[in-house]
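Counting with the working numbering, you get residues 72 to 148 for the letters of the sequence shown.
For reference, the structure discussed in these notes is given below.
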Amino acid sequence: MNTVPKLYDNLEMLFAFHVSEKARARREQYIQQFPEHLRETEKRHYTLERAVKEVLVEVAEVALLIKELESLPHSGQ
């Protein structure tokens, strides 16, 4: 049986794009805090991977808050 690999759906691609863009902006903002002569060193230190991980931690925290809010009993129902 010939199976086609699962392609990412549009929502997953959109999520990945937004995480990537937010991480790039975060990294750039962080690097711009330093004097020009230190920025290359900081670019090597503060990697895009690190910025992505930080953004994903924030997303996970928000997801947890949403889950907690959804589990609260709704008044008036």
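Each residue gets a CB set at the ideal place from its N, CA and C atoms; glycine is no exception.
Whole angstroms are fine: how far does the CA of residue j sit from the CA of residue i?
| i | j | result |
| --- | --- | --- |
| Gln100 | Tyr117 | 11 Å |
| Val130 | His108 | 33 Å |
| Met84 | Glu111 | 30 Å |
| Ala122 | Phe88 | 14 Å |
| Arg115 | Pro144 | 48 Å |
Thinking residue i and residue j are a contact (beta carbons under 8 Å), I'd like their distance in whole angstroms, please.
| i | j | result |
| --- | --- | --- |
| Leu119 | Ala94 | 6 Å |
If we call anything under 8 Å between Cβ atoms a contact, is residue i one with residue j?
| i | j | result |
| --- | --- | --- |
| Phe105 | Glu113 | yes |
| Val90 | Leu135 | no |
Three-state secondary structure (DSSP) at residue i?
| i | result |
| --- | --- |
| Phe88 | helix |
| Thr112 | helix |
I'd like the list of long-range same chain contacts for residue i, defined as Cβ closer than 8 Å, with 5 residues on each side in sequence excluded.
| i | result |
| --- | --- |
| Glu125 | Ala94 and Arg97 |
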